[in-house]
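Colleague: Reading the sequence shown from the start, the letters are residues 4 to 330 in my numbering. Virtual Cβ for every residue (Gly too), placed ideally from N, Cα, C. Quick caveat: nothing in here was measured; it's all calculated off a predicted structure. Before I ask anything, let me first share the structure, which is written out below as structure tokens.
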Amino acid sequence: MTDAARLARLNAVKLAALVRAHVGGEPVLEPGEYGGGAALLHGHDAWVLAATDPERALGGALAWAVRRGAGALHLVAESGTGLLARRAAAFSFPVHVWHAEGRALLPAVAEPLPVPPAVPAAHLEFEPVMVVAGAVPCVEHGVLAGEVRGLEVCRVVDDEFTGAVRLEVGVGAHDREAFLMLHGDRPTADALAEVVAAVAAHRRPGAASHPLNRLAKERALRARLVAEPGLIGAEQVVAVAPPVPRPNLKDPVPCVAVATVAGRQVTVVCSTGVDLDAVPFAIDARTAIGTAACCLVLPERDAVGLQRELAALASPPVEVWPLADVS
4 MTDAARLARL NAVKLAALVR AHVGGEPVLE PGEYGGGAAL LHGHDAWVLA ATDPERALGG
64 ALAWAVRRGA GALHLVAESG TGLLARRAAA FSFPVHVWHA EGRALLPAVA EPLPVPPAVP
124 AAHLEFEPVM VVAGAVPCVE HGVLAGEVRG LEVCRVVDDE FTGAVRLEVG VGAHDREAFL
184 MLHGDRPTAD ALAEVVAAVA AHRRPGAASH PLNRLAKERA LRARLVAEPG LIGAEQVVAV
244 APPVPRPNLK DPVPCVAVAT VAGRQVTVVC STGVDLDAVP FAIDARTAIG TAACCLVLPE
304 RDAVGLQREL AALASPPVEV WPLADVS
């Protein structure tokens, strides 16, 4: 038995034990396959244990329940349950989120959206340097970074030892550290301008496949909408911060913008690939921005039927806007 199979079996045993202890008696449980945890049916209820990356498990768990004709979803996790409960409350499909504490299941309490901290004034002083070098300043949850067509190429940081503020060049923390070691004697503005030019060549629409355009595809899509708002029938599209901080630059995570469409404000969530948690993320984004309308913009090939089903279950529904001419 492989490690993955062993873990899947352990998760299945754990979920079954939790459900039996919760409902009492000798319930009839019908186990099913679920990546990143375990799932089973108990009568008309679907039970899902989110063991891996629980904060992004709601969409996949809902999809599992819907596909099996369940009447309600019980989502169990050991962390991130406050976020899950907040997002679950915005669906018309009944979702109950439980926090697993030992063998007990406790009802999860929805936590409020995080309040983004302000960017320190000393950090904002580097914004003109980014602009001159050709990078687009981007503020998210107290962090000032510079992007090229959606890919972060620099970030303002505080030195962990001296506390000094500096602008680091590179894609991600490790790249910034390596760049500093190799090119620490070069003026930051000159170094950043070279990186911007190199990255821009690979991030333009229609460019050949390259590691630099395989990262942050959803943010490249947003950057294109900002430059060409007419793609979604908008007069203007402005990039804004996500409802929760991005965990890293490597993993794909939806991103957010606000569009002006026929004079009304619309929350726009950009996603690429079939990300089943894009709809729960969009619900958070709509709440954070405060618009009535919300749309999920993604390449046409990624607008699968299940994604549309989840969008329709949001209350009010999230619109799905597929784009045919984006990669």
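Tell me whether the beta-carbon of Arg169 lies closer than 8 Å to the beta-carbon of Asp162.
Modeller: For Arg169 and Asp162, yes; Cβs fall inside 8 Å.
Colleague: Which value, in whole angstroms, describes the spacing of the CA atoms of Lys253 and Arg59?
Modeller: Between Lys253 and Arg59, the C-alpha separation is close to 15 Å.
Colleague: Assess contact between the segment 237-253 and the segment 44-53, defined as three or more Cβ pairs (one per stretch) separated by less than 8 Å. Is contact present?
Modeller: With a cut-off of 8 Å, the segment 44-53 and the segment 237-253 do not count as touching, because too few Cβ pairs lie within range.
Colleague: Alpha carbons only, please: which of Leu224, Leu18, Ala7, Met4 is nearest the one belonging to Leu154?
Modeller: Looking at the Cα atoms, Leu224 is the closest of the given residues.
Colleague: With distances taken Cα to Cα, identify the nearest neighbour of Val132 among Val172, Ala73, Pro319, Phe96.
Modeller: Per the Cα distances, Val172.
Colleague: With Arg169 as the anchor, note down where its beta strand (DSSP E) starts and where it stops.
Modeller: From DSSP, the beta strand (DSSP E) with Arg169 extends over 168-172.
Colleague: Mind checking whether Leu299 and Ala66 have CB atoms under 8 Å apart?
Modeller: No; because the gap between Cβ atoms is not below 8 Å, this pair is not in contact.
Colleague: Just checking, does the segment 135-152 make contact with the segment 191-202 on the three C-beta pairs under 8 Å criterion?
Modeller: Short answer: they touch.
Colleague: Grab the span of the alpha helix (DSSP H) containing Arg89 for me, first residue to last.
Modeller: Element bounds for Arg89: 84-91.
Colleague: Considering only residues of the segment 207-269, which uninterrupted beta strand (DSSP E) runs meet the minimum length of 3 residues and lie entirely inside it, listed in chain order?
Modeller: Taking only runs of at least 3 residues, the beta strand (DSSP E) segments lying wholly in the segment 207-269 are 239-243, 258-264.
Colleague: Out of Val264, Thr263, Gly276, point me to the one whose CA is closest to Val256's CA.
Modeller: Per the Cα distances, Gly276.
Colleague: If we call anything under 8 Å between Cβ atoms a contact, is Ala291 one with Val272?
Modeller: It is not a contact, given that the beta carbons lie outside the stated cut-off.
Colleague: Asp305 to Val321, Cα distance in whole Å?
Modeller: If you take the alpha carbons of Asp305 and Val321, they lie about 16 Å apart.
Colleague: Helix, strand or coil, according to DSSP, for His2 in the structure here?
Modeller: The requested residue 2 is not part of the displayed model; the chain covers only 4 to 330.
Colleague: Figure out for me which residue from Val118, Val122, Ser82 has the closest Cα to the Cα of Glu104.
Modeller: Looking at the Cα atoms, Ser82 is the closest of the given residues.
Colleague: Identify, in the order they occur along the chain, each residue of the same chain with its Cβ nearer than 8 Å to the Cβ of Asn14, setting aside the five sequence neighbours on each side.
Modeller: Closer than 8 Å at the Cβ level, and outside the excluded window around Asn14, lie Gly40, Ala41, Leu52, Ala54.
Colleague: Can you tell me whether Asn216 is buried or exposed, with buried defined as 16 or more other CB within 10 angstroms of its CB?
Modeller: Buried.
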